[in-house]
Amino acid sequence: MTDCKQAEIDRLTQENSLLQKQIDQLQKMSALGELVSTTTHEFNNVLMTIINYARMGMRHDDKPTRDKAFNKINQAGERAARITKSVLGMARNRSESFEATDLAKLIDGSMVLLEREMQQYRIVVEMEFDDVPAVNAIGNQIQQVILNLLINSRQAMPDGGRLVIRLKQDDSRQFVDLSVRDYGMGMEQETLRKIFQPYYSTKSGPDESGKGGTGLGLATCKKIIEAHGGKIRVESSVGKGTCFTLRFPAIVASSAAAKVAGVASPAGAEINAVRACG
Ligand SMILES: Nc1ncnc2c1ncn2[C@@H]1O[C@H](COP(=O)(O)OP(=O)(O)OP(=O)(O)O)[C@@H](O)[C@H]1O
Ligand SMILES: [Mg+2]
Numbered sequence: 013m014t015d016c017k018q019a020e021i022d023r024l025t026q027e028n029s030l031l032q033k034q035i036d037q038l039q040k041m042s043a044l045g046e047l048v049s050t051t052t053h054e055f056n057n058v059l060m061t062i063i064n065y066a067r068m069g070m071r072h073d074d075k076p077t078r079d080k081a082f083n084k085i086n087q088a089g090e091r092a093a094r095i096t097k098s099v100l101g102m103a104r105n106r107s108e109s110f111e112a113t114d115l116a117k118l119i120d121g122s123m124v125l126l127e128r129e130m131q132q133y134r135i136v137v138e139m140e141f142d143d144v145p146a147v148n149a150i151g152n153q154i155q156q157v158i159l160n161l162l163i164n165s166r167q168a169m170p171d172g173g174r175l176v177i178r179l180k181q182d183d184s185r186q187f188v189d190l191s192v193r194d195y196g197m198g199m200e201q202e203t204l205r206k207i208f209q210p211y212y213s214t215k216s217g218p219d220e221s222g223k224g225g226t227g228l229g230l231a232t233c234k235k236i237i238e239a240h241g242g243k244i245r246v247e248s249s250v251g252k253g254t255c256f257t258l259r260f261p262a263i264v265a266s267s268a269a270a271k272v273a274g275v276a277s278p279a280g281a282e283i284n285a286v287r288a289c290g
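In terms of my numbering, the sequence shown is residues 13 to 290.
Below you can see the structure in the form of structure tokens.
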């Protein structure tokens, strides 16, 4: 190969890696924007509940009505506290290191943020969690993946429907599978082939809640999961729905409780071998 060609290849490789970094940054910004929008919506809902029940309590001075109003205000306040706790958890967990992570907790934290939105779009969320071992993960990144999948599923069911989140171990007990199944519109083969390409989107733009349409969601999910030594798999059928499965190498039992701080790579000593999952 001539020096000239080699120099051109080097230049293109460098340009490619720079563009990749920009894509990652864009998806982070877009995920952050969605998080801000979700949290603000959720908080607004809580405030409306508090204001309306406080007004009801002020208008009526009989005990049952006031008790009901206080009860509702109390519940709304507790919900607000759960939302702040979840967002603060995410903000604190900014470390870029891998640690033993409880996926059930991450899913719960994501659902706190999306609970109201799911209700609003008449999505019934079912959670089926087996008692699974921890996985070696960067919590924030996996939360970003979970939110992306849940929002995609919600958007695939514009008239409402069922969404099932499952957590289980595979038969060999070496992996933990997290699946998000919706009973929405599903995808054609043609679409399925492209979903992990950056900027591929069938959405015309963000929906009324400010989400979707950049086409970076799944490209980022795939990248994050692969950096965790995992796999992302999708099954879909038009009119029937879609199931995304994330497969993570499980942390072996002896180290499950220990915090795996500072492990630079998911291929650490405590992690089982990574196998393809079809
Ligand atoms: N659960 C799903 N059901 C049906 N189609 C889906 C589902 N998830 C993804 N898709 C399809 O894959 C495409 C790419 O998804 P991806 O999350 O990468 O981008 P997006 O949702 O369009 O935009 P954003 O980057 O803002 O999330 C979507 O536009 C949609 O056509
Ligand atoms: Mg998306």
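Think of the CB as a built atom: it goes at the ideal place given N, C-alpha and C, for glycine as much as any other residue. Since we're looking at a predicted model, the values are computed, not measured.
Give a single yes or no on whether I95 has its beta carbon closer than 8 angstroms to a heavy atom of ligand 2.
Against the sequence shown, residue 95 aligns to sequence position 83. Checking every heavy atom of ligand 2 against the Cβ of I95, none is found closer than 8 angstroms.
Please report the Cβ distance between V136 and R91, rounded to the nearest whole angstrom; I am assuming they are in contact, meaning their Cβ atoms lie under 8 angstroms.
Here residue 136 corresponds to residue number 124 of the sequence shown, with the count starting at 1. Here residue 91 corresponds to residue number 79 of the sequence shown, with the count starting at 1. By a beta-carbon distance limit of 8 angstroms, V136 does not contact R91. Their separation comes to about 19 angstroms.
Any heavy atom of ligand 1 closer than 8 angstroms to the CB of P218?
Taking the first residue of the sequence shown as 1, we reach residue 218 at position 206. Yes, Cβ of P218 sits closer than 8 angstroms to a heavy atom of ligand 1.
Which residues mark the beginning and the end of the alpha helix (DSSP H) in which E247 is found?
Taking the first residue of the sequence shown as 1, we reach residue 247 at position 235. Per DSSP, E247 lies in no alpha helix (DSSP H); the unbroken beta strand (DSSP E) holding it starts and ends at K243 to S249.
Rounded to whole angstroms, what's the CA-CA distance from G224 to F110? Just pull it up for me.
Residue mapping note: residue 224 aligns to position 212 of the sequence shown, counting from 1. Residue mapping note: residue 110 aligns to position 98 of the sequence shown, counting from 1. So the two alpha carbons sit approximately 28 angstroms from each other.
Quick check on this structure: which residue in G253, E20, L31 and A116 has the alpha carbon closest to the alpha carbon of S204?
The residue labelled residue 204 in the question sits at position 192 within the sequence shown. Note that residue 204 is Leu in the sequence shown, not Ser. Cα-wise, what sits closest to L204 is G253.
For T52, does the three-state DSSP call read helix, strand or coil?
One-based indexing of the sequence shown puts residue 52 at position 40. Looking at T52 - three-state DSSP - the assignment turns out to be helix.
What's the C-alpha gap between S42 and I236?
Walking along the sequence shown from the start, residue 42 turns up at place 30. Walking along the sequence shown from the start, residue 236 turns up at place 224. Spanning the two alpha carbons is a distance of roughly 15 angstroms.
Where A19 falls, given that 16 or more other Cβ within 10 Å makes a residue buried
Counting from 1 along the sequence shown, the entry for residue 19 is found at position 7. Label assigned to A19: exposed.
Rounded C-alpha distance that separates F141 from R259:
One-based indexing of the sequence shown puts residue 141 at position 129. One-based indexing of the sequence shown puts residue 259 at position 247. Their backbone Cα atoms lie some 15 angstroms apart in a straight line.
Answer yes or no: the CB of G242 versus the heavy atoms of ligand 1, is any distance below 8 angstroms?
Indexing the sequence shown from 1 puts residue 242 at position 230. No - ligand 1 has no heavy atom lying nearer than 8 angstroms to the Cβ of G242.
Per DSSP, cross-strand counterpart(s) of R193
Taking the sequence shown and counting its residues from 1, one reaches residue 193 at position 181. For R193, which the question treats as bridged, DSSP gives the partners V176 and C255.
Just checking N160 against ligand 2 - is the residue's beta carbon closer than 8 angstroms to any of the ligand's heavy atoms?
Looking up residue 160 in the sequence shown gives position 148. Checking the Cβ of N160 against ligand 2 gives yes.
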